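In my numbering, the protein residues as written are 16 to 237.
Every residue gets a Cβ at the ideal spot worked out from N, C-alpha and C, and that includes glycine.
Fair warning: this is a prediction, and the values are worked out from it, not measured in the lab.
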Amino acid sequence: IAAALFCTTISAQSVINFEASEGYQLGDIRNQNSWQVTDDGEGNFISNQIITNEKFSSGAFSFKNAYEPEYGDQFFPIIGAQKTLDQPLNYQNSTISFDVLVTEDDASNFEMAGYGISTDEEFYPVFDLAFDYAGTLKVVTNIDYDMEDTGFAWQPNVWYAIKVEISATDIKYFVNNALISSTPNFTQINVVGLNFLHDNYGGDAYIDNIIVNNNLTVNDVV
16 IAAALFCTTI SAQSVINFEA SEGYQLGDIR NQNSWQVTDD GEGNFISNQI
66 ITNEKFSSGA FSFKNAYEPE YGDQFFPIIG AQKTLDQPLN YQNSTISFDV
116 LVTEDDASNF EMAGYGISTD EEFYPVFDLA FDYAGTLKVV TNIDYDMEDT
166 GFAWQPNVWY AIKVEISATD IKYFVNNALI SSTPNFTQIN VVGLNFLHDN
216 YGGDAYIDNI IVNNNLTVND VV
């Protein structure tokens, strides 16, 4: 009896536009569709990470990664929101895109990251894009969150379409469909969640139109 192995790629897409039709409502994003926000270590959660209709790239709502006046400057970006994905993103073949508007330069560093969990249960960045306070975009280069400058200059109050392509060997970053950086896939672990964070030096970021494409390989023996 002969058996043949066939590999089939199945593409699964999910979209987050923060709209009422998806079950979102204006106000605190915490616990809306499994989103969580930063806590202070004493059981208190920041309260102004919100679904808003102030600015949006599509629909009528977006997520506002806002400055937190009750807390001071932070050493690194920890203020914001996090979501565990319903299904991990395949590190060998997946893409994620989202729209971003940052209101000020010379203020906070804003980071948008996808993270994974290693076999030794450590949280590592699979990809990480930073709108640096100096007006450039940076990307992560290793598990210690070291960043390199892409040379791309961003402007305040402009929507940018970000896309990250993940393969087994590379992480490619695009802005408005133009490639700005390619780094090695230094973790080679699946993306299990998303972070949108800042270090609380001022300004806000708006996130909208998150599209996740997860390309899964299924092996069939016939």
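Specify whether the segment 138–145 and the segment 159–179 touch according to this definition: at least 3 beta carbon pairs, one from each stretch, less than 8 angstroms apart.
Judged by Cβ distances under 8 angstroms, the segment 138–145 makes contact with the segment 159–179, as three or more pairs qualify.
Report yes or no: do three or more beta-carbon pairs, one from the segment 76–83 and one from the segment 219–231, lie closer than 8 angstroms?
Three or more pairs of CB atoms, one per stretch, sit closer than 8 angstroms, so the segment 76–83 contacts the segment 219–231.
Could you tell me how far apart the beta carbons of Ile132 and Val179 are, in whole angstroms, since I believe they sit closer than 8 angstroms?
Not quite, the Cβ-Cβ distance comes to about 18 angstroms (not below 8 angstroms), so this is no contact.
Sequence-distant residues of its chain with Cβ nearer than 6 angstroms to Gly252 (five each side left out)
The structure shown does not extend to residue 252, since the chain is modelled only from 16 to 237, so the question has no answer here.
Three-state secondary structure (DSSP) at Ala75?
coil
Give the single residue among Val154, Glu69 and Tyr139 whose Cα lies nearest to the Cα of Thr202.
Tyr139
Three Cβ pairs or more, each shorter than 8 angstroms: is that satisfied between the segment 197–215 and the segment 88–95?
yes
I'd like the ranges of any beta strand (DSSP E) spanning at least 3 consecutive residues and lying wholly in the segment 162–202.
Taking only runs of at least 3 residues, the beta strand (DSSP E) segments lying wholly in the segment 162–202 are 162–168, 175–182, 185–190 and 193–199.
Find out if the Cβ-Cβ distance for the pair Ile181, Leu100 is shorter than 8 angstroms.
The Cβ atoms of Ile181 and Leu100 do not sit closer than 8 angstroms to each other.
If you check the beta carbons only, do Met127 and Val115 fall under 8 angstroms apart?
yes
Anyone know if the C-beta pair for Ser109 and Asn228 falls short of 8 angstroms?
With respect to the 8 angstroms criterion, Ser109 and Asn228 are classified as neighbours on the basis of their beta carbons.
In this structure, how does DSSP classify Ser112 when only helix, strand and coil are distinguished?
strand
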